[in-house]
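Enquirer:
In C-alpha cells:
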C-alpha cells in the first residue's frame, strides 16, 4: 500500500443541592490549510530502519504542557490503518475541528491551524476531505521545538496500561509529519523515521486522521464526560469531573465547569464577571429500585421539599421503568444585563454607549441527573 500526504451507590437527597453555574461556551476559528502542494510520504521500506524515539531526540528542550487527558479505562481503539483520500469535501470534519480546539486550548501561542484544501490544489491529500491538520509551529525556534516535542510525545506515548501510542489511537491519528520525520500508526514499531518529501515540515506539524477519528467515532470523543473522571474540553468549555463508585452500576460524579460568574467585591461594592471553577451538576448512576421509585426526584413534576426549596423534575419515562431524570432547583442568581444609554445628542447624530449592570433573578437551574438503568443482575 502506498500512502500519500495530504493531511455519579445510593445517595442522600441532601447531596443533590449544588447550584448551576452558567457556562459560557467559546469556539476557535480555524484557518484553511496553506494552499501548497506537498510531496507524498515515502513508500514503506521493505526492511525496517532503526526507529527513533521522538523527533530531534538528542536536543535537551524546556518542558511544555501536554493536553488535559481524561482517565480512560484500559480498553482502547485499534491503531489506525492507512486510509487514502478518495473524495473532495469543502468542510473540516468534527474530529478535525475537535483536535484543533484541543491543541489551541493547550498551546495558546499557536494561532493558525489549517484544515481544508481546494480540490484542485496539489495531489492526493486528506486535507481535501477535511481530516487533516497543519499545526503551524516554528521549528527553527527552541520554543517551537519544545512545544512540538511535548505534544507529539504525549500523542505517541504508551499509557499506564501499556497501550502503544495511546492518545493517537483514541484520537484516530493515522500519521504525523514534523521536522523531516514521519510517524505512522499503521507501523508503530518503527517509531519516527526520516521523511524525505519535498516539504520538510519545519514550520508546521501535519496530522492526518482516519475516518473514525475525523468523525469522532473514537474513544476520545465517545466516553461520557459527565461520568468519566478527569478534565475534559467540550465545545470550548473546560469541565473537571470526579467520581466515586460502588458495585456496578452505582456511581456518583460531580462536575465543575470553568465559566464566567458574577462575583461581588466587598472593597469596591461592585459585581464583576470572573472566570472561576464552579459546581455545575451531580450525575448519579444506579439501578431502578423501590427506594428510588419512592423518591420525588425520580418522577416528573414539581414539589416543595421539607426545607422549603422548590424542585422540578423531568424524566424520560416513569416508574418502574429504567429512566433518566433531570432535577432542577429554584435558585437566586446574579446575572449581568447590558443597557444602552444615550449621550452627546446633537442635531445630526446621537452617540450611544453600552453599560453593564447586575440584577438578581430567580429561576430553575439544573442540579443533578439521575440515570436509573435496569435492575442489576443477581449472581
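In mature numbering (1 follows the signal peptide of the UniProt record, and there is no 0), the protein residues as written are -37 to -1, 1 to 342. Just so you know, even glycine gets a beta-carbon here, dropped at the ideal spot from N, CA and C.
1. Which residues does DSSP list as the beta-bridge partners of residue 250?
2. Would residue 172 and residue 135 qualify as a contact pair, given that the criterion is a beta-carbon distance under 8 Å?
3. Within 10 Å of its beta-carbon, does residue 222 have 16 or more other beta-carbons around it, so buried, or fewer, so exposed?
4. Between which two residues does the alpha helix (DSSP H) carrying residue 107 extend?
5. Using the three-state DSSP reduction, which class does residue 157 fall into: helix, strand or coil?
6. Mapping DSSP to helix, strand and coil, what is residue 66?
7. Please tell me whether residue 276 and residue 296 are closer than 8 Å, where the distance is taken between their beta carbons.
8. Any chance the stretch 119 to 130 sits against the stretch 190 to 202, with 3 or more Cβ pairs inside 8 Å?
9. Roughly how many whole angstroms lie between the Cα atoms of residue 104 and residue 220?
10. Buried or exposed for residue 85, please, with buried defined as at least 16 other CB atoms from any protein chain shown within 10 angstroms of its CB.
11. Just confirm the distance between the C-beta atoms of residue 328 and residue 294, as a whole number of angstroms; I'd bet it's less than 8 Å.
12. What distance in whole Å lies between the Cβ atoms of residue 335 and residue 250, which are believed to be in contact at a cut-off of 8 Å?
13. Measuring alpha carbon to alpha carbon, tell me which residue in 28, 68 and 95 is nearest residue 114.
14. State the CB to CB distance for the pair residue 48 and residue 87, rounded to an integer number of angstroms; the pair is presumed to be in contact (CB under 8 Å).
15. What does residue 301 pair with, by DSSP beta-bridge criteria?
16. According to DSSP, what are the bridge partners of residue 203?
17. With distances taken Cα to Cα, identify the nearest neighbour of residue 175 among 169, 108 and 185.
18. Evaluate contact between the stretch 55 to 75 and the stretch 142 to 150, counting only Cβ atoms and requiring at least three cross-stretch pairs below 8 Å.
19. Identify, in the order they occur along the chain, each residue of the same chain with its Cβ nearer than 6 Å to the Cβ of residue 139, setting aside the five sequence neighbours on each side.
20. Check each candidate in 283, 262 and 168 and name the one with the smallest Cα separation from residue 274.
21. Out of 125, 97, 130 and 243, which one is the CA nearest neighbour of residue 166?
22. Just list the alpha helix (DSSP H) runs in the stretch 26 to 79, keeping only unbroken ones of 4 residues or longer that don't cross its boundaries, in chain order.
23. Could you give the first and the last residue of the continuous beta strand (DSSP E) run that contains residue 130?
24. Looking only at DSSP bridge pairs, what is residue 172 linked to?
25. Using only alpha-carbon positions, find the residue among 33, 111, 32 and 44 that is nearest to residue 70.
26. DSSP three-state call for residue 256: helix, strand or coil?
Expert: Checking against the coordinates, here is how it stands:
1. Under DSSP, the beta-bridge partners assigned to residue 250 are 336.
2. A contact, by the Cβ cut-off of 8 Å.
3. Counting of Cβ neighbours within 10 angstroms places residue 222 among the buried residues, the total reaching 16 or more.
4. Here the alpha helix (DSSP H) through residue 107 covers 105 to 119.
5. Three-state DSSP puts residue 157 in a strand.
6. Residue state, collapsed to three classes: helix.
7. Their beta carbons are not under 8 Å apart, which means residue 276 does not touch residue 296 by this criterion.
8. These segments do not touch.
9. Rounded to the nearest angstrom, the two C-alpha atoms are 35 Å apart.
10. Its Cβ being crowded by 16 or more others within 10 Å, residue 85 is buried.
11. Contact holds; Cβ gap of about 5 Å.
12. About 7 Å separates the two Cβ atoms, so the contact holds.
13. Among 28, 68 and 95, the Cα nearest to that of residue 114 belongs to 28.
14. Yes, residue 48 and residue 87 are in contact; Cβ-Cβ is about 5 Å, under 8 Å.
15. Paired residues: 319.
16. For residue 203, which the question treats as bridged, DSSP gives the partners 194 and 219.
17. Closest option to residue 175, judged by alpha-carbon separation, among 169, 108 and 185: 185.
18. Touching, no, given that fewer than three Cβ pairs across the two stretches are closer than 8 Å.
19. Counting only Cβ-Cβ distances below 6 Å, and skipping sequence neighbours, we find 146 and 170.
20. Closest option to residue 274, Cα to Cα, is 262.
21. Residue 166 has its Cα closest to that of 97, out of 125, 97, 130 and 243.
22. Counting whole runs of 4 or more residues, the stretch 26 to 79 contains the alpha helix (DSSP H) stretches 57 to 69.
23. No beta strand (DSSP E) holds residue 130; the alpha helix (DSSP H) holding it covers 129 to 134.
24. Paired residues: 136.
25. Across the set 33, 111, 32 and 44, the C-alpha of 111 shows the shortest separation from the C-alpha of residue 70.
26. It is helical.
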